[in-house]
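Taking it in order: structure first as structure tokens, then the write-up.
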């Protein structure tokens, strides 16, 4: 039977698209197969992908019965798997506790930071849950504590562009949201992928030099687009290396922006 692929953000939008796209006969109906679920990541909406197939109503009833039987088998199998996983987890936890007690009695606890830093385990647990919930092709590459005390989370995957967002906007928002949670309020957590932040910093410094030269050449002040505070600091720093220029911050976050102007320019 005929099949079409539709993309929609929600169920209502999908139903409207189906009603406009399909012309059904009296003995026909349709069934929907989800190829990709719709997602919302911070400020980014990603449409779901659906396969719509026109089928005979009689065929649908037969397929439904077969599907229900198969789903029941899968559910029973999943119950057994979950039970095995639960038993394995309990056994693993008991072994861990037993080893910890043994090490404690013998005075063999390691002082290595990678073994003793519980914050890394908390951060890893948070990001595992986050990645599962957003259903994107993203994985944790590494989590480490840097010399300045900040925790760096390195992610990678085909869908990282959605988590980074336009000019890093989604990534900045994610870091801000993490910093406001009660669990991580006392920690500084940075998220990066494929050295994106380093590349972004180079891009911002190039932008600052380019705009700074234009101000020196024309004498006209230049207003930049709104940026996060750490990106404004990069612009401030780079302009400070250029004689005869200064920067001024204007507005309130998240729309706070910079103006590059000559030092002798009157306000």
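Numbering (the working numbering), first residue to last: 1028 to 1294.
Glycine included, each C-beta is placed from N, C-alpha and C at the ideal position.
Secondary structure of residue 1035 (DSSP, three-state): strand.
Between the region 1226–1243 and the region 1200–1215, the count of Cβ pairs shorter than 8 angstroms is below three; the stretches do not touch.
In its chain, beyond the 5 residues on either side, 1248, 1249, 1272, 1287, 1288, 1289 have a beta carbon closer than 7 angstroms to the beta carbon of residue 1242. By the Cβ neighbour-count rule, residue 1259 is buried, with 16 or more other Cβ atoms within 10 Å of its own. With a contact defined as Cβ atoms closer than 8 angstroms, residue 1157 and residue 1180 miss out at about 10 angstroms. Residue 1030 places its beta carbon 9 angstroms or farther from that of residue 1086.
Looking at the DSSP output, residue 1274 shares a beta bridge with 1287. DSSP lists 1182 as the bridge partner or partners of residue 1167. Within the same chain, 1077, 1079 come within 7 angstroms of residue 1059 by CB-CB distance, once the 5 residues on both sides are set aside.
Following the DSSP letters along the chain, one finds residue 1063 inside the beta strand (DSSP E) bounded by residues 1055–1063.
Unbroken beta strand (DSSP E) runs of no fewer than 3 residues, entirely contained in the region 1182–1251, are found at 1216–1219, following chain order. By the 16-neighbour rule on beta-carbons within 10 angstroms, residue 1245 is exposed. The three-state secondary structure of residue 1176, taken from DSSP, is coil. Residue 1083 carries a strand assignment under DSSP once its states are collapsed to helix, strand and coil.
The Cβ atoms of residue 1202 and residue 1216 lie closer than 9 angstroms to each other.
Residue 1073 is bridged by DSSP to 1066.
Comparing alpha-carbon positions, the option among 1178, 1223, 1231, 1219 lying closest to residue 1253 turns out to be 1231. Look at residue 1052 here: in three-state DSSP terms it is coil, with no helix or strand label. Only residues of its own chain outside the window of five on either side were considered, and among them 1074, 1076 have a CB closer than 6 angstroms to the CB of residue 1034, listed in chain order. Collapsing the DSSP output to three states places residue 1282 in coil.
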